[in-house]
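For the sequence shown, the numbering used here gives the first residue as 19, with consecutive numbering after it. Working notes for the structure below.
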Amino acid sequence: MASVALTCVAPSQAASSRDKTTSSQAAKSKAKAKAKVAEARASKKSPRLSRAEARKNTATAKSRTRVAEQRQARKSGIIRAVASSDDDLPARVVPVSVQARPIGRGGRVVIASPSVSSSSGASFGQIYGLHQTVDPLALKSSVALVMDQETNEVLLAKNSDAVLPIASLTKLMTALVVVESRLPMDEELTISADDVDTEKNSSSRLMVGTRLTRGDALHLALMSSENRAAHALGRYYPGGLPAFVNAMNAKARMLGMRDTHYVEPTGLSSQNQSSAKDLASLVKSAYQQHLIRELSTSPEYAVQVGARQLQFRTTNALVRNPTWDIGLQKTGYIVEAGRCLVLQASMAGRKLIMVFLDSTGKYSRQADAERVRRWIEAAPRQSVPAAAELVHKATS
């Protein structure tokens, strides 16, 4: 039988102990009462915060919390992810090491869920460490893909499955849906208050009430990345904006773009997301449309708005460079996406498709394209290791 140790206490000792306990409790109660009185006096003396000050303090506290969470995420290697392409699914947290390459949707890891937005001034690629991936060309883009347009041979792949916001690269799909709809290009559209950007508060020279043809709106959306023009194109689609966005996503599915999802036609929303592999498929499909090739590579264009003539220029300096033979291009930028660029170009006897996402620096995406061209022209038939090997090199 197991033994039990007992401690015996004499009656006199027990009584003494009870007296001490009662005395201690009374002292604690008196101390609490004094503390409450002091707190009440202090609250009467201290001025109350105004509502504005209270809101400011709350916002500051939330901002500090977000920054702390982002720092902790970077330290622990935790990123947000979603289980599938459905936006209404809650985000779940998935631990990912640097060695684990972020890949697409459908149960796979997604870099930025639709419920996440950057409030730190950094892109998602920067926040989640994609720039740690090292490549032989020292690209400034954390995501890159270079492939032969005719053979589909991948010449360079860097985090090419990572799903990120794509900014105004969205407008390439907007253009494809508009062109394939065969709506009249000479139909007049009117810019309305609905076309004004209230998400990023971007500027535009197309004032509310401006009238222009569908063809002109398409030209400005592709060449100058004009947001109001792109939004109006979607709004004037049969069935309105919801039907247009549905058509964008339907076209993406038709092209096999499994990592892609759109919520609006401009790219201002960080919920418009895709991967480099998907975007290469989009470029290949859009290239088949002569009008998209022509408008996207136009260096400048003048639009008559009432009595005024507005001059617009391309957002891609490479288009104005006579040493480049570019068949199609589109740029993009929002904070969450970083600097983005897709293009089709001929060099060293090959037609290539290039995708650069999340590039740092205003001109770094064009500089990355130049780096790739020098490499291709130096040895046109070589290829760089796949993205998985690049990640391995970065962490070995």
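Just so you know, even glycine gets a beta-carbon here, dropped at the ideal spot from N, CA and C.
Report the rounded CA-to-CA distance for residue i versus residue j, giving the unit in angstroms.
i	j	result
residue 237	residue 350	16 Å
residue 263	residue 197	15 Å
residue 266	residue 259	10 Å
residue 293	residue 182	6 Å
residue 221	residue 250	15 Å
residue 213	residue 239	13 Å
residue 336	residue 379	16 Å
residue 268	residue 200	17 Å
residue 291	residue 278	6 Å
residue 167	residue 276	20 Å
residue 355	residue 339	26 Å
residue 243	residue 382	18 Å
residue 271	residue 257	20 Å
residue 226	residue 143	35 Å
residue 114	residue 153	With a pLDDT of 28 at residue 114, under the threshold of 50, the predicted position of this residue should be treated as unreliable, though the coordinate-derived value follows. When rounded, the distance between both Cα atoms is 20 Å.
residue 369	residue 399	12 Å
Just tell me which of the options has its CA closest to the CA of residue i.
i	options	result
residue 284	156, 188, 391	188
residue 274	302, 218, 288	302
residue 232	387, 208, 156	208
residue 230	307, 393, 210, 167	210
residue 345	357, 366, 371, 367	371
residue 295	139, 165, 388	165
residue 357	375, 257, 143	375
residue 384	145, 334, 319	334
residue 228	367, 388, 326	326
Could you pull out every residue in the same chain whose Cβ sits closer than 6 Å to the Cβ of residue i, ignoring the five residues on either side in sequence?
i	result
residue 396	none
residue 328	223, 321
residue 254	207
residue 157	386
residue 318	331
residue 361	344, 347, 372
residue 205	232
residue 172	165
Between residue i and residue j, is the Cβ-Cβ spacing less than 8 Å?
i	j	result
residue 218	residue 313	no
residue 174	residue 390	yes
residue 203	residue 330	no
residue 159	residue 377	yes
residue 353	residue 162	no
residue 359	residue 184	no
residue 364	residue 343	yes
residue 193	residue 148	no
residue 316	residue 341	no
residue 186	residue 348	yes
residue 215	residue 170	no
Spatial neighbours of residue i within its chain, please: C-beta separation below 7 Å, excluding the five flanking residues on both sides.
i	result
residue 235	207, 247, 250, 251
residue 393	155
residue 139	353
residue 388	none
What does a CB cutoff of less than 8 Å around residue i pick up in its chain, not counting 5 residues either side in sequence?
i	result
residue 310	190, 193, 194, 197, 240, 304, 346
residue 306	none
residue 261	255
Please report whether the beta-carbon of residue i lies at a distance below 8 Å from any beta-carbon of chain B.
i	result
residue 329	In the displayed structure, chain B is absent; only one protein chain is listed.
Original post:
Which runs of the alpha helix (DSSP H) fall wholly inside the region 143-210 and span at least 4 residues, in chain order?
Top reply: Correct list: 188-199.
**OP:** Pick out the complete beta strand (DSSP E) segments inside the region 316-342, 3 residues or longer, and give them in chain order.
**Re:** The region 316-342 contains, as complete beta strand (DSSP E) runs of 3+ residues, the segments 318-323, 326-331 (chain order).
**OP:** Would you list, in sequence order, the uninterrupted beta strand (DSSP E) runs of no fewer than 3 residues that lie entirely inside the region 204-292?
**Re:** Counting whole runs of 3 or more residues, the region 204-292 contains the beta strand (DSSP E) stretches 206-208, 229-231.
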